[in-house]
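Below: one structure, written as structure tokens.
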Amino acid sequence: MRIILFSLIATGFFNYLHAQVNYPVTKTVDSSDNYFGANYPDPYRWIEKMNEPEVMDWFKAQAALTNNMISKISGRELLATEWENLSKLKKTSYNERRASNNHIFYLKTLQSESETKLYSKLKTTNEEQLLFDPAAILGKPVTLQGAVPSHDGKKIIITYCENGSEISTLRVFDVEKKQLLSENIYPCMSGQICWTQDDRAFIYTSLVTGDNNSPDFLKNNSVKLHVVGTDHKKDYDYLSSPGYPELQLKPYNFTSGEISESSPDYIFSAKGNDDGLHIKFVASAKELYTGHINWKVLSKAEDQLVKVTEFIGNKAYSITNKNADNCKLIATDISKPDWEHAEVIVPENKKLELGDFNVCKDFIVLTYSEGINNRLFKYDFKSGVTSEIKLPYQGNLDAWCTDRKTNDCYVKLKSWNKTATEFKLNVSSGAFEISEFHTASKYPEEFNEIEVEEIEIKGHDGTMIPLSILYKKGIKKDGSNYCLMDGYGAYGYSMLPYFDMAHISLATKGLIIAIPHVRGGGEKGEAWRVGGYKMNKPNTWKDFNSCAEYLVAKGYTSAKKIVATSGSAGGIMISRAITERPDLYGAAICISGVVNTLRLEQMPNGPNCSFEFGKTKDSLECKGLYEMDGVAHVLKDKEYPALICVTGVNDPRVSPWQSAKLVAAFQQRNPLSKPALLMVNYENGHFNRERDFADQIVFALWQCGHPDFQLKQ
110 MRIILFSLIA TGFFNYLHAQ VNYPVTKTVD SSDNYFGANY PDPYRWIEKM NEPEVMDWFK
170 AQAALTNNMI SKISGRELLA TEWENLSKLK KTSYNERRAS NNHIFYLKTL QSESETKLYS
230 KLKTTNEEQL LFDPAAILGK PVTLQGAVPS HDGKKIIITY CENGSEISTL RVFDVEKKQL
290 LSENIYPCMS GQICWTQDDR AFIYTSLVTG DNNSPDFLKN NSVKLHVVGT DHKKDYDYLS
350 SPGYPELQLK PYNFTSGEIS ESSPDYIFSA KGNDDGLHIK FVASAKELYT GHINWKVLSK
410 AEDQLVKVTE FIGNKAYSIT NKNADNCKLI ATDISKPDWE HAEVIVPENK KLELGDFNVC
470 KDFIVLTYSE GINNRLFKYD FKSGVTSEIK LPYQGNLDAW CTDRKTNDCY VKLKSWNKTA
530 TEFKLNVSSG AFEISEFHTA SKYPEEFNEI EVEEIEIKGH DGTMIPLSIL YKKGIKKDGS
590 NYCLMDGYGA YGYSMLPYFD MAHISLATKG LIIAIPHVRG GGEKGEAWRV GGYKMNKPNT
650 WKDFNSCAEY LVAKGYTSAK KIVATSGSAG GIMISRAITE RPDLYGAAIC ISGVVNTLRL
710 EQMPNGPNCS FEFGKTKDSL ECKGLYEMDG VAHVLKDKEY PALICVTGVN DPRVSPWQSA
770 KLVAAFQQRN PLSKPALLMV NYENGHFNRE RDFADQIVFA LWQCGHPDFQ LKQ
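If you want it as structure tokens, here you go:
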């Protein structure tokens with residue numbers, strides 16, 4: 110009798126986890142697209158209409174279901190509280206450092222605070238001054254994005270956003286009076302804001318609308334020149350489609366402008382091109398206030414300039430991968446650009462990929478990648494010699510030069526199991542010292558017990574895939590461990606070592622943390638990026654699945670104990686990994702993910718994303734988009750891992766309906782399927798919050814059967 114009773118209870122519990130999830134009603138519509146004779150049904154097309162009340166009501170109902178279910182999982186509050194306490198141990202962070210008139214201006218977030226503020230200090234002292242406290246001056250919570258000081262250091266352009274939208278409001282701050290001037294410009298972008306040489310004015314990128322649900326969002330943006338103290342509605346047209354028809358700007362082309370202190374005789378602009386590269390323009394600085402600038406082509410898309418272009422005197426320097434898979438640094442005359450016959454400053458290194466460069470007084474500082482870790486070199490302007498700078502220890506690095514009038518640069522070294530250390534580098538001598546901006550974090554002792562393995566495993570086609578594995582010392586490889594797999598694989602972005610507090614915390618609890626370096630990223634140079642680009646995109650999720658198979662085969666974990674996670678463009682990888690090999694995973698977390706690629710171009714940011722993934726108007730690329738579309742590959746009667754998708758209603762990059770449609774498709778399957786939930790953030794956009802990630806992990810580990818995270822009785 111007790112056995113029968115236990116069986117009935119167990120059956121009821123099983124049904125609760127599966128059949129008894131009362132999802133909000135999701136209607137389907139008779140909608141489809143026909144491309145090149147093939148019909149692609151889209152029964153959840155109605156969810157794309159984010160301004161419709163029924164859609165917003167559906168989102169709210171989904172969010173309520175998710176919050177209610179997660180609130181009933183044991184261990185949730187314990188993990189969230191632990192992470193909140195750990196976040197308080199994070200060191201003070203410094204960002205957006207810029208030198209001007211013997212001062213350094215920077216954004217700073219104190220260890221004990223969550224709000225970012227603007228500070229300054231003299232270069233020769235460590236005594237700092239608080240300049241701008243958003244809460245005190247604006248009277249409301251905002252996220253400071255940037256602070257650009259004028260050359261004389263008397264004024265600062267401040268950009269901030271609200272509710273995670275990333276769309277900026279631009280203000281001008283008077284340093285001496287410590288007050289905002291009359292400028293209040295919205296909507297605009299926070300990047301590529303530059304002061305003119307005379308500090309009278311600045312250029313910025315203006316948007317038509319800040320509404321991420323508008324069909325005009327991110328379309329027809331323009332670069333404007335604003336004279337301080339004037340009405341911004343009368344700003345000069347620096348670069349736009351109506352003002353410069355001869356440049357053939359398209360509505361979805363991103364435009365930007367630049368004014369370089371190192372090349373005062375010129376002004377610059379650029380537009381995004383249909384191949385994802387940029388076309389750059391140049392003009393005489395004398396034309397700045399004329400009302401119409403006679404732009405000339407500085408570089409074409411076929412020049413294949415990547416990463417960054419710097420201007421010094423009459424020369425333009427840039428990295429190119431043209432005839433150089435690992436890239437090289439070249440330069441040409443700005444007044445007579447000829448990139449085809451450009452001067453080779455630093456030739457291609459056949460073993461290392463050139464990823465970035467920075468300019469200081471007498472040197473160019475070059476950052477190379479050897480796959481996972483970085484190496485640092487310097488090019489001497491006087492001798493023309495390139496030599497390596499020995500790093501304090503091996504890791505992933507960021508390098509930048511705050512003041513080009515000196516040979517001092519900053520280097521931040523990062524690794525998987527060690528918090529980042531910032532150094533000040535004398536490029537001339539190669540000597541490192543701890544930066545005056547470095548602050549240490551003291552985490553629990555058990556954080557020091559995490560080991561790292563860097564290996565390569567054989568992929569589905571024989572290609573060797575780099576795989577980083579983090580785990581607690583002494584862990585047994587008997588298949589009993591739960592595992593979190595986190596990857597990306599798009600836009601040539603590399604998953605380089607960095608200290609992730611949440612990952613380390615989970616590893617101390619016995620979880621395996623695995624980071625597959627799949628094709629589409631940049632870990633192995635340009636060929637690696639192309640290996641997961643457009644028609645080659647299946648390699649991205651197949652590489653991810655190959656890494657999961659390896660982890661199971663070698664006893665790190667077992668099938669159904671793996672949580673797969675990614676976000677943004679990594680949504681393609683996650684949604685297709687779990688729909689192609691659902692047997693490998695117990696749960697998946699997809700954060701602001703691209704998962705409905707056949708409808709990608711219908712997002713405001715979609716036409717720009719199509720450079721990376723493909724266009725439906727091209728017959729081959731359209732087939733590729735179908736192949737990478739997670740929503741299109743959900744089969745009604747197939748068992749898939751549990752799923753939680755996360756989206757922000759203010760997300761300017763990936764429209765919320767992408768995540769929503771995948772959840773809708775999962776919820777309409779066999780009633781015995783594992784739960785599929787939609788987490789909706791109304792206060793942030795594209796990025797995840799720590800507490801949200803704790804909730805997602807708790808849900809996923811519950812669904813994988815972790816004993817510490819179970820449904821409360």
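Offset between the sequence shown (1-based) and this note's numbering: plus 109.
From the three backbone atoms N, C-alpha and C, an ideal C-beta is built for every residue, glycine too.
Exercise. To which residues of the same chain is lysine 586 closer than 7 angstroms at the C-beta, ignoring the five residues directly before and after it?
Worked result: Cβ neighbours of lysine 586 beyond the five flanking positions: Lys663, Gly664 and Tyr665.
Exercise. Near serine 209, which residues of its chain fall below 8 angstroms by C-beta distance, leaving aside the five closest residues on each side in sequence?
Worked result: In its chain, beyond the 5 residues on either side, Pro258, Ser259, His260, Asp261 and Gly262 have a beta carbon closer than 8 angstroms to the beta carbon of serine 209.
Problem set entry | Among Met644, Lys409 and Ile443, the one whose alpha carbon lies nearest that of lysine 431 | Checking every option, the nearest Cα to that of lysine 431 belongs to Lys409.
Exercise. On the three-state DSSP scale, how would you describe lysine 470?
Worked result: The three-state secondary structure of lysine 470, taken from DSSP, is coil.
Exercise. Where do the ends of the alpha helix (DSSP H) carrying leucine 195 lie?
Worked result: 185–196 is the span of the alpha helix (DSSP H), which, as asked, contains leucine 195.
Exercise. Cβ atoms of valine 455 and threonine 515: under 8 angstroms apart, would you say?
Worked result: Contact: no.
For this session: Give me the Cα-Cα distance between valine 789 and alanine 170, rounded to the nearest whole angstrom.
Result: Here the C-alpha atom of valine 789 lies approximately 10 angstroms from the C-alpha atom of alanine 170.
Exercise. Using the C-alpha atoms, what's the distance from asparagine 714 back to glutamate 157?
Worked result: Using only the alpha carbons, I get a separation of about 14 angstroms.
For this session: Counting only the same chain and skipping the five closest in sequence on each side, list residues whose C-beta sits under 7 angstroms from that of threonine 234.
Result: The answer is none, since no qualifying residue turns up.
Exercise. Among all the DSSP beta bridges, which residues are the ones paired with leucine 734?
Worked result: Looking at the DSSP assignment, leucine 734 forms no beta bridge with any residue, so it has no partner.
Exercise. Nearest-angstrom Cα distance between glutamine 805 and alanine 673?
Worked result: Each residue's Cα considered, the two are about 11 angstroms apart.
For this session: Can you tell me the Cβ-Cβ gap for glutamate 457 and alanine 433, rounded? I've got them flagged as a contact below 8 angstroms.
Result: For a cut-off of 8 angstroms, the C-beta gap from glutamate 457 to alanine 433 is around 4 angstroms, short enough to register as a contact.
Exercise. Taking all protein chains shown into account, do 16 or more other C-beta atoms lie within 10 angstroms of the C-beta of asparagine 447, making it buried, or fewer, making it exposed?
Worked result: Just to set this straight, residue 447 is aspartate in the shown sequence, not asparagine. Exposed, since its Cβ has fewer than 16 Cβ neighbours within 10 Å.
Exercise. With DSSP run on the structure shown, which of helix, strand or coil describes lysine 395?
Worked result: Helix.
For this session: Report all residues from its chain with a CB closer than 6 angstroms to the CB of serine 369; omit the five preceding and five following residues, and keep chain order.
Result: Here the set comprises Phe420.
Exercise. What number of angstroms, rounded off, separates the C-alpha of aspartate 746 from the C-alpha of glutamine 776?
Worked result: The C-alpha of aspartate 746 lies about 11 angstroms from the C-alpha of glutamine 776.
Problem set entry | Whole-number beta carbon distance between tyrosine 519 and lysine 533, since they are thought to touch under 8 angstroms | For lysine 533 against tyrosine 519, the beta-carbon gap comes to about 6 angstroms, under 8 angstroms, which counts as contact.
Problem set entry | Residue burial classification, valine 453 (beta-carbon count within 10 angstroms, cutoff 16) | Label assigned to valine 453: exposed.
Exercise. Considering only the beta carbon of each residue, do tryptophan 155 and valine 134 sit closer than 8 angstroms?
Worked result: With a cutoff of 8 angstroms on beta-carbon distance, tryptophan 155 and valine 134 are scored as not near each other.
Problem set entry | Beta-carbon separation (whole angstroms), asparagine 483 vs valine 474, contact threshold 8 angstroms | Wrong, their Cβ atoms sit about 12 angstroms apart, outside the cutoff.
Exercise. Apart from the five residues on each side of it in sequence, which residues of its chain come closer than 6 angstroms, Cβ to Cβ, to serine 478?
Worked result: Cβ within range, chain order: Glu462 and Gly464.
Exercise. Which word fits proline 784, buried or exposed, when buried means at least 16 other C-beta atoms lie within 10 angstroms of its C-beta?
Worked result: So proline 784 counts as buried.
For this session: Report yes if the CB atom of serine 577 is closer than 8 angstroms to the CB atom of isoleucine 613, and no otherwise.
Result: Their beta carbons are not under 8 angstroms apart, which means serine 577 does not touch isoleucine 613 by this criterion.
Problem set entry | Where phenylalanine 490 falls, given that 16 or more other Cβ within 10 Å makes a residue buried | Exposed: under 16 other Cβ atoms inside 10 Å.
For this session: Go through its chain and collect everything with a Cβ distance to phenylalanine 241's Cβ below 7 angstroms, but skip five positions before and after it.
Result: Excluding sequence positions up to five before and after phenylalanine 241, its CB lies within less than 7 angstroms of the CB of Lys226, Leu227, Ile267 and Phe282, all in the same chain and listed in chain order.
For this session: For leucine 117, count neighbouring Cβ atoms within 10 angstroms of its own Cβ and tell me buried if that reaches 16, exposed if not.
Result: Since pLDDT at leucine 117 reaches only 32, below the 50 mark, its modelled position is unreliable, and the value read off the structure follows with that caveat. Only exposed fits leucine 117, as fewer than 16 other CB atoms lie within 10 angstroms of its CB.
Exercise. With which residues is cysteine 699 paired in a DSSP beta bridge?
Worked result: For cysteine 699, DSSP records a beta bridge to Ser675 and Cys754.
Exercise. When the Cα of tyrosine 591 is compared with those of Leu407, His815 and Ala774, which residue comes out closest?
Worked result: Minimum Cα distance to tyrosine 591 is reached at His815.
Problem set entry | Pairwise C-alpha distance: asparagine 148 and isoleucine 302 | One C-alpha to the other measures close to 45 angstroms.
Problem set entry | Contact belief for aspartate 320 with lysine 333 at Cβ below 8 angstroms, rounded distance in angstroms | A Cβ-Cβ distance of about 20 angstroms is found for the pair aspartate 320 and lysine 333, leaving them out of contact under the 8 angstroms criterion.
For this session: Tell me whether threonine 190 is buried or exposed, calling it buried when 16 or more other Cβ atoms sit within 10 Å of its Cβ.
Result: The residue is exposed, with fewer than 16 neighbouring Cβ atoms inside 10 Å.
For this session: Closer than 8 angstroms by C-beta to asparagine 211: which residues in its own chain qualify, once you throw out the five before and the five after it? Chain order, please.
Result: Within the same chain, Cβ atoms closer than 8 angstroms to the Cβ of asparagine 211 are found at Leu231, Lys232, Thr233 and Gly262, the five residues on either side in sequence being excluded.
For this session: Reducing DSSP to helix, strand and coil, say where glycine 588 ends up.
Result: Note: glycine 588 maps to coil in three-state DSSP.
Problem set entry | Own chain residues within Cβ distance below 8 angstroms of glutamate 545, not counting five before or after | If we look at glutamate 545 and ignore the five residues flanking it on each side, its Cβ neighbours are Asn235 and Lys533.
Exercise. Of all the options Ile621, Thr572 and Ile584, which has the alpha carbon lying nearest to the alpha carbon of glycine 640?
Worked result: Thr572 is the residue among Ile621, Thr572 and Ile584 whose C-alpha sits nearest the C-alpha of glycine 640.
Problem set entry | DSSP three-state assignment for serine 372, whether helix, strand or coil | Correct three-state label for serine 372: coil.
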